[in-house]
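Asks:
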């Protein structure tokens, strides 16, 4: 396999986490350059034209967009399969991953996590209480109602754990950072499903890094991760100066 | 194959056009329920949880999201292949389709086409001259600079015409509706590429419908399309009352 896979992107990103969990499940070694997406230099702009994380770099290709990366990982390393073999199940898995990436991304990241974490800690701005309230009372329940209609009472969506389970569950780690947990009385399937998926070892092994970083300023992320033994790259495309990316709010 | 494939979605949508072109290239018959995305009823909300078009319905599955639909069409009807067989080329094709869907969608649809067409004709609102000006002088050139670095001098991106060519070119039909064309002196590869892709028969056969609809109020779309012999469904999930969808601006 030659050089290890290199991932650029923050452990706290749900999209980066999705890719790392897929790599864990496939047994693929990687190094990580744990940059905050707002804090990439000009090389990062070249590698990721939309200034999005994660970026995957290996001996053959440089890719951004977590869905494209996960599909590439599946194509290059087919076992164990993370996409269903049945054509209809595969389409449904892709749809659920897309629903998570766009709608759950909008609600859990750009509204909830942004209001309680990114705005105050990255940009030094106050939380907008009206946005936060609408998110908690309207947008999140709407998403959870839909998930409750789709998720299985037991096990995973399509047999073994796969891309749709991972793509949905990853957002609930960020929700937890914002102190949101699913009410098991109102959404019992979703609450149990999230618990099952997040407790697989491929998610669990990321928790020590995440739990440390959520309490650490971005400028100290590398040092904190090194102390925990994270598989860091030698060099970085990160800077200390936040800038707004094209696709960021 | 049983029932024909059913597509819900407007001929003027770049995402619907992408799916229809794929169906044409695969030689798959379809019927279309040509609703404007803002004008779907409650059944539409059930079929498309994000109230997005297109929706594909066949004898096996109901799907939304154009990328998910195109991949399903490829999986179910593999010939002629619209995704590259090489793993790296396939990943790059998916990335370019994703770039088009998100960044070109944002710039060409939600800024350019929205300002000059959707706002005045659907919502009865004035065009925002400042947004339009920034779109034309800043956002669009940035997108075109990137495409110019990626597109081939001749032919298509990965051999025969495929998903990445289609996914990029479809946005330039909408750009043309907004009277924008690519300056061939500044972006020669892009201008020539767009001309090549849009002139394949799979795009050309949609032009009469599009050219008619761009001059027709939404309430008269069905009648206008029937007069042109479009393959319309009998029933519709459309209504006459626009409402804002979750994912719409």
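Residue numbers (this note's numbering), protein chains in the order written: chain E, 289 to 537; chain V, 289 to 537.
A virtual CB, placed ideally from N, CA and C, is assigned to each residue, including glycine.
Using CA coordinates, which residue listed in E:355, E:488, E:427 is at the minimum distance from residue 451 of chain E?
Replies: E:355
Asks: Could you list which residues in chain E have their beta carbon closer than 8 angstroms to that of residue 352 of chain V, in chain order?
Replies: Per Cβ cutoff of 8 angstroms: 383.
Asks: So, does the CB of residue 424 of chain E fall closer than 8 angstroms to a CB anywhere in chain V?
Replies: no
Asks: Are the C-beta of residue 303 of chain V and some C-beta of chain E separated by less than 8 angstroms?
Replies: The beta carbon of residue 303 of chain V sits no closer than 8 angstroms to any beta carbon of chain E.
Asks: Buried or exposed: which applies to residue 443 of chain V, given that a residue is buried once 16 or more other Cβ atoms fall within 10 Å of its Cβ?
Replies: Residue 443 of chain V should be labelled exposed.
Asks: I'd like the list of long-range same chain contacts for residue 475 of chain E, defined as Cβ closer than 6 angstroms, with 5 residues on each side in sequence excluded.
Replies: A distance below 6 angstroms between beta-carbons, with the five flanking residues on each side excluded, links residue 475 of chain E to the following residues of its chain, in chain order: 432, 436.
Asks: So for residue 344 of chain E, helix, strand or coil by DSSP?
Replies: strand
Asks: Alpha carbon to alpha carbon, how far is residue 480 of chain E from residue 523 of chain V? Give it in angstroms, no decimals.
Replies: Cα to Cα, residue 523 of chain V sits roughly 40 angstroms from residue 480 of chain E.
Asks: Mind listing which residues of the region 356-378 of chain E have their C-beta closer than 9 angstroms to chain V's C-betas, in chain order?
Replies: 356, 357, 359, 360, 363, 364, 375, 376, 378
Asks: Relative to chain V, which residues along the region 334-349 of chain E have a C-beta separation below 8 angstroms, given in chain order?
Replies: For the region 334-349 of chain E, which is checked against every Cβ of chain V, the residues closer than 8 angstroms are 337, 338, 348, 349.
Asks: So is residue 326 of chain V in contact with chain E if we call contact Cβ pairs under 8 angstroms?
Replies: no
Asks: Ordered along the chain, which non-local residues of its own chain (more than five positions away) have a Cβ less than 8 angstroms from that of residue 423 of chain E?
Replies: 395, 399, 400, 403
Asks: Taking residue 318 of chain V as part of the beta strand (DSSP E), name the residues at either end of that continuous run.
Replies: 318-321
Asks: Could you tell me whether the Cβ atoms of residue 322 of chain V and residue 299 of chain V are closer together than 8 angstroms?
Replies: yes
Asks: What does DSSP give as the partner residues of residue 352 of chain E in its beta bridges?
Replies: E:343
Asks: Determine the contact status of residue 502 of chain V and residue 306 of chain V, defining contact as a CB-CB distance below 8 angstroms.
Replies: no
Asks: Roughly how many angstroms separate the alpha carbons of residue 380 of chain V and residue 334 of chain E, rounded to a whole number?
Replies: 15 angstroms
Asks: Below 8 angstroms CB to CB, which residues in the same chain sit around residue 325 of chain E once its five sequence neighbours on both sides are set aside?
Replies: 297, 298, 301, 339, 340, 341, 533, 536
Asks: Are the C-beta of residue 434 of chain E and some C-beta of chain V separated by less than 8 angstroms?
Replies: yes
Asks: In whole angstroms, what is the alpha-carbon distance linking residue 504 of chain V and residue 525 of chain V?
Replies: 19 angstroms
Asks: Under the three-state reduction of DSSP, which class applies to residue 393 of chain E: helix, strand or coil?
Replies: Three-state DSSP puts residue 393 of chain E in a helix.
Asks: Would you mind sorting residue 331 of chain V into buried or exposed? The rule is 16 or more other CB atoms within 10 Å of its CB.
Replies: exposed
Asks: Just by C-beta distance, which residues in the region 399-411 of chain V are closer than 8 angstroms to chain E?
Replies: none
Asks: Does the region 483-496 of chain E come within contact of the region 457-475 of chain E, defined as at least 3 CB pairs closer than 8 angstroms?
Replies: yes
Asks: Taking 8 angstroms as the CB-CB cut-off, is residue 386 of chain V touching chain E?
Replies: It does: the Cβ of residue 386 of chain V has a partner Cβ on chain E nearer than 8 angstroms.
Asks: Under a three-way DSSP split, which group does residue 304 of chain E fall into?
Replies: Helix at residue 304 of chain E.
Asks: Counting contacts by CB-CB distance shorter than 8 angstroms, is residue 537 of chain V in contact with chain E?
Replies: Summary for residue 537 of chain V: the model assigns pLDDT 27, below 50, so the residue's position carries little reliability; its value from the coordinates is reported in the next sentence. It does not: the Cβ of residue 537 of chain V has no partner Cβ on chain E nearer than 8 angstroms.
Asks: Using 8 angstroms as the threshold, is the region 402-419 of chain V in touch with the region 365-380 of chain E, meaning 3 or more CB pairs across them?
Replies: The region 402-419 of chain V vs the region 365-380 of chain E: no contact.
Asks: Do you know how far the Cα of residue 506 of chain E is from the Cα of residue 329 of chain E?
Replies: 15 angstroms
Asks: Kindly list the residues whose CB is nearer than 8 angstroms to the CB of residue 389 of chain V, restricted to its own chain and excluding five residues on each side of it in sequence; keep chain order.
Replies: 303, 354, 355, 455
Asks: Tell me whether residue 426 of chain E is buried or exposed, calling it buried when 16 or more other Cβ atoms sit within 10 Å of its Cβ.
Replies: exposed
Asks: Indicate whether at least one CB of chain E lies closer than 8 angstroms to the CB of residue 391 of chain V.
Replies: yes
Asks: Ends of the beta strand (DSSP E) at residue 296 of chain E?
Replies: 293-296
Asks: Where do the N-terminal and C-terminal ends of the alpha helix (DSSP H) with residue 330 of chain E fall, by residue?
Replies: 330-335
Asks: Kindly identify the DSSP beta-bridge partner or partners of residue 412 of chain V.
Replies: None; residue 412 of chain V has no bridge partner.
Asks: Under the three-state reduction of DSSP, which class applies to residue 520 of chain E: helix, strand or coil?
Replies: Three-state DSSP puts residue 520 of chain E in a strand.
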